[in-house]
Structures are given as structure tokens and as C-alpha cells.
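Take 1 as the starting number for the sequence shown in our numbering and just add one per residue. Ideal Cβ positions, reconstructed from N, Cα and C, are used throughout, including at glycine. Since the model is a prediction, treat every value here as computed from it, not as a measurement.
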Amino acid sequence: NDKLRLTVAAFSNQDAKNSPINQTLDINQKRFLADVGDGIDTAFYVEAVRDTFATGKILYRKAEVFFNSGQRDSIFIYSENPLDTLYNVAFTYLGPGKGNYVQLFNATNGKVFKWVQPDTNNIRQGDWQPLILLVTPKKQQIVTVGAEYSLNEKTKIKAEFATSKYDVNLFSFKGKSNDNAIAAKLQFIKEGQAIRLFKKPLQMQTTAGYEYVQSRFRPLERLRNVEFNRDWSLPFDAVPADEHLTNAGFKLNDKAGNRLKYELVNYNRSDKFNGFRHQLDFYTLINGFKITNTISITTNNTPLQNGVYFRPTIDVSKLLPKYHNMQAGVNYTGEHNQQHNKIAETLTPFSFAFDVWQAYIKSDESKLNKWGISYFTRNDQYPVGKNLVKADRSDNYNFFTELLKNENHQLKLNVTYRKLQVLNAQLSRQKADESLLGRAEYFVNKWKGLLTGNVLYEVGAGQEQKREFTFIEVPAGQGEYTWNDYNGNGIKELNEFELALFPDQRKYIRVNTPTNQFVKANYVQFNYSADLNPNAVINITNAKGFRKLIGRSGISSSLQILKKELAAGKFQFNPFTRQLVDTALITLNSFLTNTFYFNRTSTKWGMDITHGLTNGKSLLTYGVESRKLRNLTFKARWNINRRVTTNFTMRSVINELATPKFDNRNYLVQQKVIEPSLSYVNGTNIRVTVAYNFNEKKNTIGFLEKSVNNTISTELKYNVLSSSTINARVSYNAIKFNFASGGSPNSTVGYIMLDGLLPGNNYLWTLEYTRRLAGNIEMAIQYDGRKPGEARTVHIGRASIRAIL
């Protein structure tokens, strides 16, 4: 019963082998399932390792399943039962319909997979398999030699030769004869040749070239441009072949800037592909009209198909001096690609066509204040039998303006409206839709800096991707999160990770894994930042009475909102609607802060009041998660003399978390904080601070938890000469924690309300020594300790050396 029968296919870099390789594996070990020769650069092996139930692992049990045909097979089923015979299994994504497993979204930290039975035709219904892709070690080398020879001042020949060596498997001794390949390129260029055409003097440049690339040649970087295969109507993943490119062309231009360029290219491949491309570029200025044309016609022929690819681009514009140098124009862009199947005498699925017509008018682009309006329409055509048929059409309107002449008020605006009509629902790959994209930016600096600020407003539509988080363990102190096994089952679950409050607890980082799940959404973004500084226009030194009072005051305000909600056929304009609980709202990130300060620049005393509000809602694979934090803070300072300073802080906080998937994480905590402190400073050598903190928290939902924390702390900073510093801090926390029946300190709410400590007496201390070793080298030694409640004492020691640049 320790044997598992598995079927695995080894893949080459081109085709899958026809016959799978069957092996019987001992699942206590890892065994390779393919003889990886030089012609194979990837293979699969199975990792199904027998394991014991351990904390945090995702393990599976083995089960037998029977098919309708009478066949049976072994599958893996996720298990949390330590009494099962368990296996640690690794899965690989193979693509839709290529696997027998699908991802199961639950609370477990990490990916969990579920077996799905093939349909009645034995077609797989999943996209994952319990396999791992093995990438063989490779070796790649390339040598290039280039030369250039000038026949005369205007004529030169360029040549380049390259050889490459690509070994797909260094550990194999098979098939080494196909590692080497060559490539060569030859160019002839003659430029600056003076000719006369129709009694008009012209400058002519002529070019000719030849290029050869062997199919096995492997460059270090991309050899062709990104759209090379598309230009020749080849598939993106075309099989490598020996390539021959021959080109010839000429270019004519005159002193007025008119130019004409023509090029003929022949592309021939060893797989019997042969193509010709004619490309014409033309620019001229006639009676104020600018005419720019680029026309390309490509023909191709293979044993199975032939086709014509026509790509014209024409732009005609005119400058209107009588109308403040405005520019008006029209242009056309099109692509018509008709590929014919020689056997079926129909168009292939790769055939397509589209036409874009545009008209526009723009103001003088050299001015600081400018604007423009444009309209274009596009229609798409797809193959049906022997013809291309229109499937959809879009109408697009755009307006933009930039008003930058006034230094105190500046505005940028860009708006695009698009309406898509579906003419043939069976052909169109889209759905009828209306979309709006807009962005407005406004900057102000008024009354000599009394009012400064900026505003950004943006609307649009798009796809919102669901996010999947996984927590990964890292060395202590290098992470951000801690894991608390609230239910005691020994399994790391997503609702058991919290932001760590102490360095030794920071053992996990959160990784965002992209998913292929999207929802259509409309979004709106609104940001503003404004500062009111009366002291910019009021000299408080000479001012008196109410005028001096105003001069010492100031206001700062900022707001950031990014909101996305499910598209429901309407545009989203208002950034202030929708509550966090609204089901149509899928993502929200907002931050609002308002601060009133008084006597901020005074060295004697000052105060400020800050109100902050943060809202967040995220779309995750298991649902949505909403957070809300409201903070009202009052701060005051009073320098009694040069050595004694007092500070007083009051805070009122509302902290809320709502996760429908995990009820145990939800809370609504109201918090009140009072913290006075007294500091003594003796020159630059010593600073002593004594503080008291009263912190009361109440959870108004769930088990109605309540905590009261009275903290007394003292901090000492001592500078030894100019090269060393000693910092010490000691605090005593007396915590009372009450809750209704069913509650517990060992919970998300308990961790948040107790700040990572425990009910009862808690002690925390820190000692740090820092020394400057050289001009920019600094050494630090730090010792931290804490005694939380009845738990054992935790000691932490750290040492570091850093360079200050």
C-alpha cells in the first residue's frame, strides 16, 4: 500500500511525446520519470512524499476512485486528520482541460486542490496536476564578428557573422551535434547620391541586404522586433526554421523636407513559407497640407495556405494661420489580413480586418494654453466562410485642454467617451458597452501662498483582478506578521495571521499572488490637498489682537479616494457614495486627514487637532474584507524652560474590521487614550522622559470585550561624547480584560485589544548601544525583553553594522 501508480509525459521543447512514460514510484521518495536527453529541455517529475502531520503543512490522503469504464485510479484529497496516512504533494498549473484538479478557495494558508472527475468522454475538467516541472541546467554562448568597409565617402558595406551554442541539458551526453548554429547579415548602403527627377534636384539613398539565420541559432536577446511574426501572418509560437531575408530599397528626399521611401523584402523559411512585403513611406507639404502615408502589402504562400496582408496609414493635416495657427486633419488606419486555406477554400481563423477613420482639430501646440477635439470610429471584421463580415463598431470622442499660462491657476483635462455597438453577436468577441475615461488636474497657489493645493479627479472602467494572499515564513524579525493558532488545530489559516507588534513575532510576510479571476468594474478617483497658511500674508511679529491670533493658526487638509464597484451599465461619477457594506462596492481605498494647528512655529508652546479617517475594502478570492479607522487626536506641548518640556495627548479611535468569510475576525473597537509626559533635557548629553498612558478599548460587537491598560514608562537617552549613544526604556502595563461568555484573549479581537500582551502585569524593557566607528560606519547592539502576564519572559538580542551614505 506504499506504492502509487502514476502516468507522466515528458515534453520536448517543441512537441509532446506520443507515448507517456509509466513508472511505479515509492511515494516516500522523489523519482524522475523521464530520460532527459539533449533534445528535451523540460520534463515532469512527481513529488508525492509521505509525511507526518506537522504544524502548518498542507497534506493530502490517498483515495481510490472508479470510472464509468471500470478503470480505477489513485487521487489525493486534502485532509486535516492526523490519523490519516498523509502525503506532501506539489501541484503544477497545466492550463484549462489539461489537469484533473482545481484550486479550492478556503481559509487555509496556501493553495489547496480538489480532484474533479473527467466527463463521460474522459475529458479532463481541471487545470492542475500533482506534478512539478523540472528545468534542466543549460548553457548558452554566442560569438559575433562585425566589419564595415567604405568603398568611398558615400558607399559602404556592412557584414556581421554570429555563431551560437545552446546546450539544453548539461548533464546529458546525448545529441550534442545539434548545439551549434550560425547566422549572418550583409548590408550595402549608398547615400547622398545627387540625382534629378522631373528637373528637380533630389538626394537618393539605396540599400540592399541579405540575412541568414539557422533554425537552431539562439541569440541572447530578441533578434526580431516584437511584431515580426504578426507582420508576416505567422503564429506567435511559430516553430523555428532556417530563415532567409533579402531586402532592397531606396529613399528620395529634397531640401523642402519631402521624402519618399520604398522597400521590398523577401522572407523565405525552410518550412516552405515564402513571403514578399512592399512598403511605401511618403511625406510631402503641398499648399500648407501635410500628407503622411505608410502603406504595406505583404503576400505569403505555404503548402496549406496563402494570403494578403494590407496595412495602409494616411494622415492629412493643415495649419490655419488665420485662426491662431490651429491645426485640422483627418487620418485613416486599416489592417486587412485575408489568409486562405487552400484545401477548404475558405478564410482561416487568423484572418481579420479593421478600419479606423479619424478627424481632429487642435490649437497651436507651442502655446501654454492649448486644446484639441477628435473623433474616430472603428469597425472590426472576422472570417465567415470566404468573406470577412463586420462584427462590431465603436464611436470615440475625445477632448483635451491644458491651461498653464496663469502661474496661480493651472488646469489639465482629458476626456474620452466610447460607445461600442455589436453588429453580429455571433462573431463579436465583445459586448455592447459604453465607457468613459476622464482625468482632470487643478493646481492653485493664491494670495502669496496663503492658499496652496491641488485637485485630481479621474473616472474610468476596466477589469478588477481578485487577489490571493499567502503568508510565507521568514527568519524571525524579517517579516511583518505573526501566526496565532486560535483554534488549536495546528494548521495555518488565513484568519489567524496578525500584524506583529514585537520583533521576535515578525516571522511571516504576505505575498500577493495574481489570479485569473476578474470582474468588470467602474472606478472613480478623487484626491485633493490644501494648505491655508495665514502667516504667509500676516507678519505675526508686528500683528496684534485678532490679526495675530489668525496669523498663528493654520489648516491642512488632504483626501484620497479610489473606489471601484461592479459595472451595472452606468458610469461612476460620485466618489462619496456607497457604504463599506454595499455589495456593489468591490474595492475602496480612502484616506482623509484634517489638521488645525496653532502656534506651530513657537518655541514656547503649541497645539494641534487632527482628524483622520481611513476606509479600505478589498476583493479577495474568498470574498471581500473591509476596514475602517477613525482617529481624533489632540496634542499640546509646553516648554516650561530650556530643560523641562511637557506634552499632552488625547485620542479617540474607532477601529472596525468586517470579513463575512471569517466571523471570528470581525470587531468594532472604540478606544480612548490619555497620555501626559514630562521630559528633562541637559544640553546634548542626556534626555529623560517619564510618561503615563491610560488606554481603554471596548468591542461593541461579538463577545463585547473590554480592556483597560494603565502604563507607566520612562525613557533615557545618553550621548557619550560625540560617537556613542545609550538608549534605555522601561514600561509597566497593568491590563484588565473582560469579555462575555464565549470570548477569549486568544483571538483576533484579543490580540488587537491587548496589543500583543496578556491580562495582568506586563513588563517591557529595551537597552540599545550605538557607536560611530568611522566617518560613516555605525555599530548598534540592542537588547529587548518583555514579561507578558503569566507567560514566560522573552529575551531578544540584536547586533548590526551599517554604512551611512
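Beta carbon of residue i nearer than 9 Å to that of residue j
i	j	result
D708	L764	According to the sequence as given, residue 708 is Val; it is not Asp. No; because the gap between Cβ atoms is not below 9 Å, this pair is not in contact.
R810	G477	No information on residue 810 is available, as it lies outside the stretch 1 to 805 that the chain covers here.
D395	Q430	no
I561	F526	yes
T416	K370	no
T649	E675	yes
V112	Y87	no
N268	L304	no
E148	K156	yes
N806	N445	Here the chain covers residues 1 to 805 and nothing more, so residue 806 does not appear.
E365	F352	no
V89	V102	no
P788	N762	yes
L559	S590	yes
E464	I654	no
L264	L197	no
T714	N695	no
K261	D237	no
V749	F703	yes
K706	F739	yes
K190	D254	no
R277	D231	yes
Cutoff 8 Å; reference residue i; Cβ partners in own chain excluding five residues on either side
i	result
P349	P383
A256	L285
Y481	F471, F497, E498, L499, A500, R506, K507, Y508, I509 and R510
Q125	G97, N100, V102, V116, Q117, P118 and D119
Delimiting residues of the alpha helix (DSSP H) encompassing residue i
i	result
V749	T748 to L754
According to DSSP, residues forming a beta bridge with residue i
i	result
D395	T377 and K419
F105	Its beta-bridge partners do not exist; DSSP assigns none.
Y309	T298 and N337
I674	M650 and F694
S366	According to DSSP, which records beta bridges pairwise, S366 is partnered with nothing at all.
T207	I189 and G249
R771	S724 and M779
R627	G616 and L657
Same chain, Cβ closer than 6 Å to residue i, neighbours up to 5 away in sequence not counted
i	result
Q187	K158 and G209
S428	A391, D392 and V422
T633	T610 and R651
M607	F598 and A636
K290	S317
K362	Q327 and G372
V213	A183 and E243
T725	N719 and T770
V330	V316 and A359
L320	M326
E768	N727 and Q782
Host beta strand (DSSP E) of residue i (start-end)
i	result
L559	S553 to L566
R230	Careful: R230 lies outside any beta strand (DSSP E), inside the alpha helix (DSSP H) at F228 to D231.
T246	E243 to N253
H795	V794 to A803
H278	N274 to I286
Q782	I777 to P788
Q465	L451 to E473
E434	D433 to K446
I540	Here I540 belongs to no beta strand (DSSP E), and DSSP marks it neither H nor E.
F576	Unbroken run through F576: none, as it is neither H nor E.
K570	From DSSP, K570 is part of no beta strand (DSSP E); its letter is neither H nor E.
F497	F497 to L499
Sequence-distant residues of its chain with Cβ nearer than 7 Å to residue i (five each side left out)
i	result
F273	N300 and T302
L657	R627, R665, N666 and Y667
S556	D531 and T595
R643	Y680, V681 and N682
L413	F400, T401 and A440
G95	D127
A432	L420, Q421 and V422
R802	E778
Contact test: residue i Cβ vs the ligand NAP heavy atom, cutoff 8 Å
i	result
V511	No copy of the ligand NAP appears in this structure; indeed no ligand is present at all.
Could you tell me which whole beta strand (DSSP E) segments of length 3 or greater appear in the segment 134-171?
As summarised for the segment 134-171, the continuous beta strand (DSSP E) elements at least 3 residues long and confined to that stretch are 139-150 and 155-167, given in chain order.
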